[in-house]
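I have placed the structure first, in the form of structure tokens, so that the comments after it can refer back to it.
Chains as they are written, first to last, in the numbering used here: chain A, 50 to 462; chain B, 2 to 94.
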């Protein structure tokens, strides 16, 4: 094995191909320009090319590929949401994720682990029952379990009652999974590039050309380009890019922090989440514990980490898993999350013609990558909004028809 | 953060109340203007003027903060901005 590796390392002609071609010169015009080279933008490009035969597409990314929030989430995939709209939407995503490695011929390391949302209060138990009932009604595998069941599913968990917040029960969602975030983005990039989609990194959009309320081109740091339609997929900077297009969004940019520990042998199979304790933790395929907590308490365009965040996270984590006390934190980071008032995304049409939006992905963006890409591709190609994303449009705020997902979309409420 | 009433206190004692924006006249604006006021955010990248609450003393004041560097530029009592009484029409009649 080591000799083979050495031989491979010294070999000038690597057997592996590049996943996607190096950046080329920008053309003067494209049918579709996608602003943002993260998972969502790349997925939309892939499905536009594959499902709708449109490949004259440029994906513009201001930094490197999938280096924004795609690289900063905790990669949890689940569909045990609270509203019918939410459950249908995220469940389609989960189905797409299951087959994604085959579809892209690229290993996205999708592994189903089971997902436990712990409840420590009567109110949390009530929400768990509510979610379980709505989930089961819509055919999503989800049930309420009690400490004796949890002990079988996750014997490592401290189920003692001599803690500040004893565990009363949990919402168990067997299809809950994790995947490799880079793999998902690179897989879509590779797939899209094979159909002829151009991916331009280090290309920042600096302005939009809008004539008669219709977008006709974009200005970039590498020159101006003409385009038929534009898709904005820049979570974190959504408000700033929408400002260029001249409209406002119901979004606050709030940092969401996360961290990983050093690698240890596999000991934790399920994904453990606790809304009341503001903790979610899973063990990655590398053996690191990937952990996150609630979003920061105020708006900020920064990806800094704070000590308060870690103190609070570790305090609660040690109650759940007292034996991880000696583990060291290896890396910490934060992503800029697009928080919406109803904890649901904003997808679809905008006040500007031919300008489409994919934003408001707060703390629930990664798990929606395939379905959002697929359905936004359909929206751009046909000009019609698929029914599965219809209720997530920007206009819902003017109709006073929000899709309230607060109880299921994040922790800390 | 320096509270205009209590002096410098730990940031965990404060709650952010969002940007300082003017409320439209609830009786005479249409639903769209009202939704704009309730839901839409400027979400400015740069210096913003925000409402902040010192929770232990329930004291609301105004702070100017840079949303990129998180630097608090200054804080002052709301009376410096809202120095006149605002009368809203009585909707109960």
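Cβ atoms here follow ideal geometry from the backbone N, Cα and C, with glycine treated the same way.
Classified as exposed, residue 314(A) has fewer than 16 neighbouring CB atoms from the shown chains inside 10 Å of its CB. Close to residue 24(B), with beta-carbon spacing below 7 Å, lies no residue of chain A; the smallest spacing is near 16 Å. Close partners of residue 43(B) in chain A (Cβ separation under 8 Å): 288, 297. The Cβ neighbour count for residue 406(A), taken over all protein chains shown within 10 Å, is at least 16; the residue is labelled buried.
By the rule that beta-carbons nearer than 8 Å mark a contact, residue 48(B) does not touch chain A. For the options 29(B), 10(B), 54(B), the alpha carbon positioned closest to that of residue 18(B) is the one of 54(B).
Rounded to the nearest whole angstrom, the CA to CA distance from residue 107(A) to residue 82(A) is 5 Å. Residue 57(A) counts as exposed, since fewer than 16 other beta carbons sit within 10 angstroms of its beta carbon. DSSP, reduced to helix, strand and coil, places residue 290(A) within a helical segment of the structure shown. For residue 351(A), the chain B residues whose C-beta falls within less than 9 Å of its own C-beta are 68, 69, 70, 71, listed in chain order.
Non-local C-beta neighbours of residue 388(A) in its own chain, meaning closer than 6 Å and more than five positions away in sequence, comprise 301, 303, 411, ordered along the chain. Taking a beta-carbon distance threshold of 8 Å, residue 62(B) does not count as an interface residue toward chain A. DSSP places residue 309(A) in the uninterrupted beta strand (DSSP E) bounded by 301-310. Taking 8 Å as the CB threshold, residue 36(B) lines the interface with chain A. The distance from the Cβ of residue 234(A) to that of residue 91(A) is about 6 Å, consistent with a contact at the 8 Å cut-off.
For residue 62(A), the three-state secondary structure derived from DSSP is coil. In terms of CA proximity to residue 83(B), 63(B) leads the group 13(B), 7(B), 63(B). Nearest CB-CB separation between residue 166(A) and chain B: not below the 8 Å threshold. Nearest CB-CB separation between residue 3(B) and chain A: not below the 8 Å threshold.
In this chain, the alpha helix (DSSP H) harbouring residue 146(A) covers 133-147. The beta carbon of residue 348(A) falls within 8 Å of a beta carbon belonging to chain B, placing the residue at that interface. Put simply, the segment 203-210 of chain A does not touch the segment 127-135 of chain A. Fewer than three CB pairs are less than 8 Å apart. Burial state of residue 197(A) is exposed, judged by a 10 Å Cβ sphere holding fewer than 16 other Cβ atoms.
Counting the other Cβ atoms within 10 Å of the Cβ of residue 213(A) gives fewer than 16, which makes it exposed. Around the CB of residue 80(B), fewer than 16 other CB atoms lie within 10 Å, so the residue is classed as exposed. Taking the Cα positions, residue 186(A) is about 36 Å away from residue 86(A). Annotated three-state conformation of residue 231(A) is helix, per DSSP. Using beta-carbon distances, residue 17(B) counts as an interface residue toward chain A, with a partner under 8 Å. In this structure, residue 446(A) keeps its C-beta atom at 8 Å or more from the C-beta atom of residue 393(A).
Listed by position along chain A, the residues whose Cβ is nearer than 8 Å to that of residue 33(B) are 447.
Think of a sphere of 9 Å around the beta carbon of residue 59(B): no beta carbon from chain A falls inside it, the nearest being about 17 Å out. Looking at the DSSP output, residue 295(A) bridges to nothing.
Contact between residue 321(A) and residue 369(A) holds: their C-beta atoms lie close to 7 Å from each other, under 8 Å.
Close partners of residue 302(A) in chain B (Cβ separation under 7 Å): 44. Of the residues assessed, residue 397(A) falls on the buried side of the cut-off, its CB having 16 or more other CB atoms within 10 angstroms. Under the three-state reduction of DSSP output, residue 421(A) falls in the helix class.
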